[in-house]
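The next block holds one structure in the form of structure tokens; read it before the comments.
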Amino acid sequence: MKVLIVCGSNSDLKIAEEAEKILKDNNVECKIEVASAHREPEKVRALALNSDADVFIAIAGLSAALPGFISAYTNKPVIGVPVSVKLNGLDALLSMVQMPSGVPVAAVGIDNAKNAAYLALRILKLKGGEFRLLKKGKVKDIYDLGGGKLLFEFSNRVSAFDVPLPNEIPFKGEVLCRFSEFWFKTLNVPNHMIETIKPNKMVVKKLNLIPIECVVRGYLYGSLYERVSSGQVNLNIKTLAEKLPEPYFDPTTKFEEKDRPITKEEILSKGWLNEEEYEWIKNKTIEIYNFMAKKADEEGFILADLKLEFGRNEKGEILLADSIGPDEFRLWVKDRYKPGEVQESFDKEPVRRWLIEANYKKLLDEARKAGKPIPEPPHLPSSLIEEVSRRYITAFEKLTGEKFR
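Residue numbering for the sequence shown follows the working numbering, starting at 1 and increasing by one per position.
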């Protein structure tokens, strides 16, 4: 769950911090932005349209147009906090409560950001039930709803090489949520999805996750290409992006700082799966990959690889879990495919490539090898952020046949 606090000016930041403290004390992610509806209307509009927040808190004085401006561009709840500047704040208060029909703003008392935070908490609980943050992941937050249910909140955060990056990709969380819903409904495989809550939340069954990332590869790319090039793996082919003779099951660890390839023998010896379960998961992962690859091919794409996760329910039955979207697969443009070259991808591969070209991947590998702290990742350029967002949406629309907006 997330709240975005927007201040009309820097002078409102002290009031905003009162709300921020209450929200963070209740394990609700929040962010503060400063944007004036009068001086920076395009910035405010972008925040209203692109933010993955569930609730907006708008803090402003005088004419106090800010909360109404935000409400005009979103269907999410907007709470207005009038600020005392002149007329003891009555001008701002009256401005907020007199919004025209169809532009609702819930106004609290003058300078009372604390009540805005408490109201936001009640709204969030109505949306997701009583919740407790279990895990703040690299790209999604997981809440315990009780009764054997979890709430997945897909954020706009992005990670690469198992490192969270400082920027967000607009609409990424919604794309991942809706993509996952599509695949869970389309694949004939028992899974953990119960329902979705628009735009970016999913209620799922609580499972005991099997600590393996089930990766299947159809092409020589990514870490598999690196291992083949270094002689760690022998597949009798060595060309970058070359199609493999058959899908290659390449599981990795999960819940380690850096995921690493793991053998069948190690999986069995650790007791994570028995022989029969291992073969079922391997065959099911390849079966799902083949189904999705065929769908991608029909829409002009190549599904280069895929990562799936599984878990056990209270009966010990194995269900498909986690999420399925561009964060879990590489998707190439079929008519531009050329072995031996870096492929054009409609996933987060452009982010990985930029980090490699910016020399961050080299610094990261050196730090990990030396046992040093992870170097701080660089900020992504705005042009790259916009392009990745566009590609996520394009991939969703083409593979699902649905319009994103």
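C-beta atoms are modelled at their ideal positions from N, C-alpha and C, and glycine is treated no differently.
query, result
"Rounding to the nearest angstrom, what Cα-Cα distance links Ser9 and Pro82 in this structure?", "13 Å"
"What does the Cβ neighbour count give for His192, buried or exposed, with the cut at 16 atoms within 10 Å?", "buried"
"Taking only three categories from DSSP, how would you classify Ile210?", "coil"
"So, Asn27 versus Leu150, is the Cβ gap smaller than 8 Å?", "no"
"With respect to 7 Å, is the separation between the Cβ of Ala120 and the closest non-hydrogen atom of the ligand HEM below this value?", "The ligand HEM is not part of this structure, which contains no ligands at all."
"Look at the alpha carbon of Gly146 and the alpha carbon of Gly300, and state the distance between them as a whole number of angstroms.", "42 Å"
"Between the region 270-278 and the region 371-381, can you find at least three pairs of beta-carbon atoms closer than 8 Å?", "no"
"Would you please state the rounded distance, in angstroms, between the beta carbons of Ser345 and Leu355? I believe it to be under 8 Å.", "That belief does not hold up - the Cβ atoms of Ser345 and Leu355 are roughly 14 Å apart, past 8 Å."
"Does the structure place the region 209-227 close enough to the region 303-323 that three or more beta carbon pairs sit under 8 Å?", "yes"
"Closest to Gly102 by C-alpha separation, out of Lys76, Asp91, Pro350, would be which residue?", "Lys76"
"Please state whether DSSP places Asp365 in a helix, a strand or coil.", "helix"
"Thinking just about the alpha-carbon of each residue, which of Glu20, Ala72, Val6 is nearest to the one in Ala60?", "Val6"
"Hey, could you find the ends of the beta strand (DSSP E) Phe161 is sitting in?", "Per DSSP, Phe161 belongs to no beta strand (DSSP E) and is neither H nor E."
"Starting from Thr400, follow its DSSP beta bridges and name the residues at the other end.", "Paired residues: none, contrary to the question."
"By the 10 Å Cβ neighbour count, where 16 or more other Cβ atoms means buried, how is Gly316 classified, buried or exposed?", "exposed"
"Please report the distance separating the alpha-carbon of Glu314 from that of Leu209.", "12 Å"
"Anyone know if the C-beta pair for Lys172 and Ser383 falls short of 8 Å?", "no"
"For the region 205-287, list the beta strand (DSSP E) runs that are entirely contained and at least 3 residues long, ordered along the chain.", "212-219, 243-249"
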